[in-house]
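Below: one structure, written as structure tokens.
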Amino acid sequence: MRFAGKRAVVTGGASGIGRATALRLEHEGAEVWIGDIDVPNGQALADASNGRIHFVRTDVMQVADIAALMQAVDAAGGIDVVFNNAGAGGAREKIDAISAEDWDRTQNLLLRSVAMGIRYAAPLMIARGKGGAIINTASIAALQTGAAPTAYSVAKAGVLHLTTMAAADLSQHNIRVNAVCPGFITTNIFTSALGISGDKRDAANGMIGQVAAQAQPLQRAGAPDDIAAAVAYLASADASFVTGTHIVVDGGMTIGPRHSWDPNAPTMFSALEVFAQ
Ligand SMILES: NC(=O)c1ccc[n+]([C@@H]2O[C@H](COP(=O)([O-])OP(=O)(O)OC[C@H]3O[C@@H](n4cnc5c(N)ncnc54)[C@H](O)[C@@H]3O)[C@@H](O)[C@H]2O)c1
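Take a look at the structure:
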């Protein structure tokens, strides 16, 4: 019960990583406010929670919505934890084809939303004087190419640096700011980006595990609970001396080139061995 008596905000809490984190924080004692545009799933989660989870329809691209969400939690007793997590795949064009409008929309959804989440929570947390924890969802796409489209990856890289800047700005108030970098996690983000729905969605989500097994060292798909566990750690007193950093939860995906973990993958040396006799 690391969060007994605490209040937490989770954006994007109606699905996937946010949903798993909302449930985990609630399970460990927190009262949780979900902000999401998905009204049916967000409300269903709240309805099933015995009043421990609340749903506030929130579009994180609208600053007024973010401000209202933070104010609602402040009015209920004060914000202890903020998980800025809502997101989607964003524009998929490469840099030689993307429009300025699509670029802006993606940055607003994935980066400005996090900045404004911090912007509108922090003054309330500072005024309350009890410190707190802010966690932002970045991605392994913030660290290297090949994981996601350009606009998404740049926004997530921005989330990482925003995390360090905000950690410095808020440190004097004992508000810790950290990020989590998920690898490939089985959620609806991929099928939503590709417009896959209905029965095909389950089959497509099943495919993620198969792709993960071939692409990353640990041979299973990541689950939303894998990320929720890291977020709960960063949000808890266990991490009371941790700020301005990020935790990578990716089954080893970012370890390095494939031959560093796959004994069957060729290396430059193994390829040239035939000439060395
Ligand atoms: N699944 C992965 O492999 C993965 C990897 C790295 C990072 N992420 C990040 O994790 C976060 C959560 O994604 P997920 O994988 O759980 O996907 P998901 O689609 O299951 O959940 C995303 C949630 O965000 C909500 N959302 C989308 N736009 C919103 C908006 N404008 N305002 C409010 N809510 C909005 C959706 O309704 C949904 O409930 C995202 O920031 C995503 O970029 C996911």
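To convert, count from 1 in the sequence shown and add 1176; that's the numbering used here.
Just so it is clear, CB atoms sit at the ideal spot from N, CA and C, and this is done for glycine as well.
**Message:** Going by DSSP, what residue range makes up the alpha helix (DSSP H) through Gly1308?
**Reply:** Where Gly1308 is concerned, there is no enclosing alpha helix (DSSP H), although the beta strand (DSSP E) it sits in stretches over 1308 to 1313.
**Message:** Let me check you understand the geometry: is the CB of Asn1364 closer than 7 Å to at least one non-hydrogen atom of ligand 1?
**Reply:** Yes, the Cβ of Asn1364 comes within 7 Å of a heavy atom of ligand 1.
**Asked** Got a sec, what are the start and stop residues for the alpha helix (DSSP H) Asn1381 sits in?
**Response** Taken as a continuous stretch (DSSP letters only), the alpha helix (DSSP H) holding Asn1381 covers 1375 to 1391.
**Prompt:** If we ignore side chains and look at the alpha-carbon of each, how far apart do Thr1313 and Ala1355 end up?
**Reply:** Taking the CA atoms as reference points, Thr1313 sits about 6 Å from Ala1355.
**Prompt:** Say the cut is 7 Å; is the CB of Val1236 nearer than that to a heavy atom of ligand 1?
**Reply:** Checking every heavy atom of ligand 1 against the Cβ of Val1236, one is found closer than 7 Å.
**Message:** If distances are taken between C-alpha atoms only, which option among Val1239, Trp1209, Ile1213 comes closest to Ser1225?
**Reply:** Residue Trp1209 is the option with its Cα nearest to Ser1225.
**Message:** Taking a contact to mean a Cβ-Cβ separation below 8 Å, would you say Asp1278 touches Glu1269 in this structure?
**Reply:** Yes, the Cβ-Cβ distance between Asp1278 and Glu1269 is below 8 Å.
**Item:** For Arg1233, the three-state DSSP class (helix, strand or coil)
**Value:** Correct three-state label for Arg1233: strand.
**Message:** Taking contact to mean 3 or more Cβ pairs, one atom from each stretch, closer than 8 Å, check whether the segment 1322 to 1342 and the segment 1289 to 1300 are in contact.
**Reply:** Result yes; three or more Cβ-Cβ pairs closer than 8 Å.
**Prompt:** Just the Cα atoms here: how many angstroms apart are His1422 and Ile1274?
**Reply:** For His1422 and Ile1274, the gap between their C-alpha atoms comes out near 29 Å.
**Request:** Look at Val1186 and Asn1284 and say whether their C-beta atoms are less than 8 Å apart.
**Result:** Their beta carbons are not under 8 Å apart, which means Val1186 does not touch Asn1284 by this criterion.
**Prompt:** Would you say the segment 1312 to 1332 touches the segment 1423 to 1433, given that touching needs at least three Cβ pairs under 8 Å?
**Reply:** By the criterion of at least three beta-carbon pairs nearer than 8 Å, the segment 1312 to 1332 is in contact with the segment 1423 to 1433.
**Item:** Buried versus exposed call for Met1177 [16 or more other C-beta atoms within 10 Å across all chains shown]
**Value:** Exposed, by the Cβ-count rule.
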